[in-house]
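Input: a single structure, listed below in structure tokens.
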Amino acid sequence: MNLFRLAGDMTHLASVLVLLLKIHTIKSCAGISLKTQELYVIVFASRYLDIFTDFISLYNTLMKLIFLGSSFSIVWYIRSHSVVRRSYDKSQDTFRHYFLLLPCLLLALLIHEKFTFKEVMWTFSLYLEAVAILPQLVLLQRTRNIDNLTGQYVFLLGAYRGLYILNWIYRYFTEPHYVHWIPWISGIVQTLLYADFFYYYFDSWKNNKRLQLPA
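In the working numbering, the protein residues as written are 2 to 216.
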């Protein structure tokens, strides 16, 4: 494992910890899209079907369990915890996220590396992850004023994908025959979706002001 992938994994883990900190400590999910969190549950559940059949390493298994457990936990808290649930702004989080599922599944059935159930579901998870952040970005644009923890969460999610692109570039030049177009293109699309958010995030940081997206 190279430094870029490790940094990407740790950044992804940090994003989850920031969100859990917000939910558990402040008892609030204000500014957090339940729709995006539900999509991440589907992403991880479809990607890690091999968790009990194919052992790669202890690190790999632990990370899979962490992301599966945390994603289900976050959705449960937003939907079922009496205090956290009251802070969820359902009227603003109206992106029709289920409309993303069928196109991603059809694309996975058409474009994949190998036509097996686990491979198609893994490919589906890549396509879905590329667009899973859309409900969250739309919600932030509607609410405009973004609290610090929510901004940090979204920034870390975007940074994780950016670091993974650096990991792919590194492996392309250091490993023979390392070519995987599906995760590459999906990752680039996902990173581009963060471009507008990154611009305003760094602008707010540079000018020491509250993060605010344009309407």
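Ideal Cβ positions, reconstructed from N, Cα and C, are used throughout, including at glycine.
It should be emphasised that the depicted structure is a prediction, and the values quoted were computed from it without experimental measurement.
| task | Have a look at Phe73 and Leu66 and give me their C-alpha separation to the nearest angstrom. | result | Phe73 and Leu66: Cα-Cα distance of roughly 11 Å.
| For Met2, which option in Phe45, Tyr60, Gln137 and Leu127 has the closest C-alpha, if you only look at C-alpha atoms? | For Met2, the closest of Phe45, Tyr60, Gln137 and Leu127 by C-alpha to C-alpha distance is Tyr60.
| query | Do the region 14–28 and the region 172–183 make contact, defined as three or more Cβ pairs closer than 8 Å? | reply | No, the region 14–28 is not in contact with the region 172–183.
| request: Check the DSSP bridge columns for Gln38 and list the partner residues they point to. | output: Within the DSSP secondary-structure output, Gln38 pairs in no beta bridge.
| request: Using alpha carbons as the reference points, say which of Ile57, Asn149 and Lys36 lies closest to Met76. | output: According to the sequence as given, residue 76 is Val; it is not Met. In terms of Cα proximity to Val76, the closest of Ile57, Asn149 and Lys36 is Lys36.
| task | Answer with buried or exposed for Ala131, where buried requires no fewer than 16 other C-beta atoms within 10 angstroms of its C-beta. | result | By the beta-carbon neighbour count (other beta carbons within 10 angstroms, threshold 16), Ala131 is buried.
| query | Where does the unbroken alpha helix (DSSP H) through Phe199 begin, and where does it stop? | reply | Run containing Phe199: Ala196 to Lys207, per the alpha helix (DSSP H) assignment.
| message | At 4 residues or longer, what runs of the alpha helix (DSSP H) sit wholly inside the region 39–103? | response | Here the runs fully enclosed are 59–81 and 83–87.
| If we count Cβ pairs, one from each stretch, closer than 8 Å, do we get three or more for the region 125–139 versus the region 2–13? | Too few Cβ pairs lie closer than 8 Å, so no.
| field | Counted within 10 angstroms of its Cβ, other Cβ atoms place Phe53 as buried (16 or more) or exposed | value | The C-beta of Phe53 has fewer than 16 other C-beta atoms within 10 Å across all chains shown, which makes the residue exposed.
| query | Can you name, in chain order, every residue of its own chain whose Cβ lies under 6 Å from the Cβ of Val84, other than the five neighbours on each side? | reply | The residues are Lys28.
| field | Whole-angstrom distance between Asn209 and Arg108, CA atom to CA atom | value | One detail in the question is off: residue 108 reads as Leu in this sequence, not Arg. Cα to Cα, Leu108 sits roughly 43 Å from Asn209.
| field | Cβ-Cβ separation, Leu129 to Leu101 (assumed contact under 8 Å), whole Å | value | Approximately 7 Å separates the beta-carbon atoms of Leu101 and Leu129; this is inside 8 Å, confirming the contact.
| request: Taking only runs that begin and end inside the region 134–184, name each unbroken alpha helix (DSSP H) of 4 or more residues, in chain order. | output: Counting only runs of 4 or more, we get 135–144 and 149–175.
| message | To the nearest angstrom, how far is the alpha carbon of Leu103 from that of Ile112? | response | Their backbone Cα atoms lie some 14 Å apart in a straight line.
| Is the Cβ-Cβ distance between Gly163 and Thr144 less than 7 Å? | No, Cβ-Cβ distance for Gly163 and Thr144 is not below 7 Å.
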